[in-house]
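Here is the structure we will look at, set down as structure tokens.
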Amino acid sequence: MFVDGSRKEHVNMVFIGHVDAGKSTIGGHLMYLTGMVDKRTLDKYEREAKDKGRESWFALMIHGVTSKTNSICCGISPWSSYFRYLSWALDTNDEEREKGKTVECGRAFFETDKKHFTILDAPGHKSFVPNMISGATQADLAVLVISARKGEFETGFDRGGQTREHAMLVKTTGVKYLIVLVNKMDDPTVNWDEERYKEIQNKLTPYLRKCGFNPKTDIIYIPVSGLTGAFLKERPNSQFGSWYTGPCFIEYIDTMLPSISRDYEGPVRVIIADKYSDMGTIIIGKMESGVLVKGQTLTVMPNRTSIQVIQLWSDDVEVDKVVSGDNVKLKLKGIEDNDILPGFVLCSPDALCHVGRVFDAEVRFFLHFMEQLS
């Protein structure tokens, strides 16, 4: 089936890393820098934070860097006082905003000149690893956010932290490319120190190699400040980070990231990540192959139920067609949501996926999980 050549390439990126590394703040800042979040929206977030009594928490979060904000942000972002609320662009439910932590896998999107990106913001706390895996299974690209703040990198990378586990999990789910954003470089304990950046790089790279990533072809490191936006889209007009000569984050993902291979000619495969009921059965998932149009009949595997797709959305925009690589929401006719589980697959009726009761698996245990079980 023909796929419109004018479509921008769709890339699904999951933000991973230890709790409080700055994943949601960076994701929110990317939405601001690409025009998906404006000053009016940030005003709204500020009012909501005050109503919930969270303004003091945000002030604590940025304590120690505000004195440097104007010089770091010079030429990048004119509304630095609003940046403390950027994480709310992805942390959208009450529990996440109350705790200041991502719980579910947040979802948002933005566009660059050449590509369309879906952000999957995975929770960093070890209690929500299943939610993180849900995001990783839908991703083409992983962005590993590391806190450069003194002590925080060590906490996230050493035993009990989520940095190691997240990196291993995204590789296991099939992610090929990894961007490591060394965040909080503007923190007073770091102050854009190149030696701290290299220290993190030298400690992290051997482990990522063990996970299966090729450091020469699959990994790039970029120093950033999620709060000020430095090196996300533009370089700061200051001496900070002058030693870094590589690309900014948006420049890299728009023009230098290798194209993701898509199977538009294959049978329809939609991996179901979630489901709910809203005037009918709704599923959320990713198109792994094929082209799907409104009204098309599919088969739900493994229970072999025939269904019809009566509505389609791609990144919350209703459309008539979705293609391989799209993150989709579908309304189905012919099945109840109670009869669907995450992991089920929507298939072309004449090309069903294989099912089985027995399989071989390679199992890896993480030490802190074993400690919890003992």
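For the sequence shown, UniProt numbering assigns the number 1 to the initial residue and increments by one for each residue that follows.
Where is the CB? At the ideal position from N, CA and C, for every residue including glycine.
This structure is a prediction, so every number in the text was calculated from the model and none was measured.
| message | Could you check whether the region 236 to 255 touches the region 207 to 226, counting it as contact only if at least three pairs of C-beta atoms, one from each stretch, sit closer than 8 Å? | response | yes
| request: From the DSSP output, read off the bridge partner residues of residue 313. | output: If you number the sequence shown from 1, residue 313 lands on position 313. Bridge partners of residue 313: 318 and 329.
| said: Please state whether the Cβ-Cβ distance between residue 8 and residue 17 is less than 8 Å. | reply: Counting from one through the sequence shown, the residue named residue 8 turns up at place 8. Counting from one through the sequence shown, the residue named residue 17 turns up at place 17. The answer is no: Cβ separation not under 8 Å.
| message | In the DSSP output, which residue or residues are listed as bridge partners for residue 108? | response | Within the sequence shown, the letter at position 108 stands for residue 108. Beta-bridge pairing links residue 108 to 119.
| Rounded Cβ spacing between residue 21 and residue 147 (contact assumed at less than 8 Å) | Working through the sequence shown from its first residue, we reach residue 21 at position 21. Working through the sequence shown from its first residue, we reach residue 147 at position 147. Confirmed, Cβ separation roughly 5 Å.
| request: Run the proximity test for residue 47: is its beta-carbon closer than 7 Å to any non-hydrogen atom belonging to the ligand MN? | output: Ligands in the displayed structure: none, and consequently the ligand MN is not present.
| message | Does the CB of residue 140 have a neighbour CB from chain C at under 8 Å? | response | Included in the structure is just one protein chain, with no chain C present.
| task | State yes or no: is the C-beta of residue 345 within less than 8 Å of the C-beta of residue 287? | result | As a position in the sequence shown, residue 345 is number 345, starting the count at 1. As a position in the sequence shown, residue 287 is number 287, starting the count at 1. Contact flag unset, no.
| said: Taking the straight line between their C-alpha atoms, what separation do you get for residue 343 and residue 298? | reply: In the sequence shown, counting from the first residue as 1, residue 343 sits at position 343. In the sequence shown, counting from the first residue as 1, residue 298 sits at position 298. One C-alpha to the other measures close to 16 Å.
| Cβ neighbours of residue 217 in the same chain (closer than 6 Å, five flanking residues each side left out) | If you number the sequence shown from 1, residue 217 lands on position 217. Closer than 6 Å at Cβ, skipping near neighbours: no residue.
| task | Following the continuous alpha helix (DSSP H) through residue 157, name the residue where it begins and the one where it ends. | result | Here residue 157 refers to the residue found at position 157 when the sequence shown is read from its first residue. Residue 157 -> alpha helix (DSSP H) spans 152 to 157.
| task | Just confirm the distance between the C-beta atoms of residue 254 and residue 44, as a whole number of angstroms; I'd bet it's less than 8 Å. | result | The count along the sequence shown starts at 1 and reaches residue 254 at position 254. The count along the sequence shown starts at 1 and reaches residue 44 at position 44. Going by Cβ atoms, the distance from residue 254 to residue 44 rounds to 28 Å, so no, they are not a contact pair.
| query | Counting Cβ pairs, one atom from each stretch, are 3 or more of them under 8 Å apart for the region 296 to 314 and the region 330 to 341? | reply | yes
| message | Starting from residue 142, trace the beta strand (DSSP E) in both directions and tell me its first and last residue. | response | Numbered from its first residue, the sequence shown carries residue 142 at position 142. Run containing residue 142: 141 to 147, per the beta strand (DSSP E) assignment.
| said: Cutting at 8 Å between CB atoms, please list the residues of its own chain near residue 303, excluding the five before and the five after it. | reply: Along the sequence shown, one-based indexing puts residue 303 at 303. Hits under 8 Å: 339 and 344.
| message | Three or more C-beta pairs under 8 Å: does that hold for the region 174 to 188 against the region 136 to 153? | response | yes
| said: On the CB-based measure, 16 or more other CB atoms within 10 Å of its CB, does residue 206 come out buried or exposed? | reply: By 1-based counting over the sequence shown, the position of residue 206 is 206. Residue 206 comes out exposed.
| query | Which word fits residue 357, buried or exposed, when buried means at least 16 other C-beta atoms lie within 10 angstroms of its C-beta? | reply | Numbered from 1 along the sequence shown, position 357 holds the residue referred to as residue 357. When all chains shown are included, residue 357 counts as exposed.
| field | Top-ranked residue by Cα proximity to residue 151, from 289, 258, 189 and 31 | value | In the sequence shown, residue 151 corresponds to position 151, counting from 1. If we check each option's Cα against that of residue 151, 189 comes out closest.
| query | In three-state DSSP terms, what is residue 75? | reply | Along the sequence shown, read from residue 1 onward, the residue named residue 75 stands at position 75. Any reading at residue 75 is ruled out, since the residue's pLDDT is 38, under 50, leaving its predicted position unreliable.
| field | residue 411, DSSP secondary structure in three states | value | No answer is possible for residue 411: it lies beyond the span of the chain, which begins at 1 and ends at 374.
| query | Is the beta carbon of residue 169 sitting closer than 8 Å to the one on residue 13? | reply | Position 169 of the sequence shown holds residue 169. Position 13 of the sequence shown holds residue 13. Not a contact, by the Cβ cut-off of 8 Å.
| request: For residue 365, I'd like the list of residues in its chain whose CB is within less than 6 Å of its CB, leaving aside the five on either flank, ordered along the chain. | output: Working through the sequence shown from its first residue, we reach residue 365 at position 365. Cβ within range, chain order: n/a, list empty.
| query | Alpha carbon to alpha carbon, how far is residue 156 from residue 295? | reply | To locate residue 156, count along the sequence shown from 1; it is residue 156. To locate residue 295, count along the sequence shown from 1; it is residue 295. Cα to Cα, residue 156 sits roughly 47 Å from residue 295.
| field | Opening and closing residue of the alpha helix (DSSP H) in which residue 202 lies | value | Sequence index remark: in the sequence shown, residue 202 carries index 202 (1-based). Note, residue 202: alpha helix (DSSP H), 194 to 211.
| query | Just to confirm, are residue 185 and residue 108 a CB contact at a threshold of 8 Å? | reply | In the sequence shown, the residue the question calls residue 185 occupies position 185. In the sequence shown, the residue the question calls residue 108 occupies position 108. Result no, Cβ atoms of residue 185 and residue 108 do not sit closer than 8 Å.
| task | Over the uninterrupted alpha helix (DSSP H) stretch that includes residue 299, give me the two end residues. | result | To locate residue 299, count along the sequence shown from 1; it is residue 299. Element bounds for residue 299: not the alpha helix (DSSP H) but the beta strand (DSSP E), 297 to 301.
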